[in-house]
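Heads up, the thing below is written out as structure tokens.
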Amino acid sequence: MVSETGQQMLSGEKEPDQEEILLLVYRSGEEIARSGEKKKRSSASPPAVPTTKRHREVLRDNIRRVTKPTIRCLARRGGVKRISGPIYEETRGVLKIFLENVIRDAVYALERHGRTLYDFGG
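Numbering of the sequence shown is given in UniProt numbering, commencing with residue 1 and proceeding in unit increments.
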């Protein structure tokens, strides 16, 4: 027996009518097939399993991420034409001191305002 779509059907199979075709419904990630059983649609990646971190990783030596080209770009913006070699380490040191002062002031201001911020050494 040949169906309307031209596919060969087995002798025991009946051709689905319009109502059975419309029963294919997608709802919340599940496909409900004609027979009524639920089939889970496959996703590209497995669902994320939430994990709790009890302790935050201590970040050290992040000042090294301020790279040589970054310092060069900032110097160019400031009008510097030529940069000597030891300037990069000196700039990292000055930047670290400046950021420590700004963060200390911000933590202190938040503390005075009643919103204590922890883990910043203040």
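Every residue, glycine too, gets a C-beta built ideally from N, C-alpha and C.
In this text, all values refer to a predicted model and were calculated from it rather than measured experimentally.
Check	Outcome
R72 to V94 span [Cα, whole Å]	15 Å
Euclidean distance between Cα positions of V102 and T52	31 Å
Candidates R115, I87 and R65: closest to E75 by CA position	According to the sequence as given, residue 75 is Ala; it is not Glu. Ranking R115, I87 and R65 by Cα distance to A75 puts I87 first.
Option in D105, R92, V58 and V80 with minimal Cα separation from Y65	As written in the sequence, residue 65 is Arg, which differs from the Tyr given in the question. Nearest option by C-alpha distance: R92.
Pick from I97, K68 and D105 that is closest to G85, judged by C-alpha positions	K68
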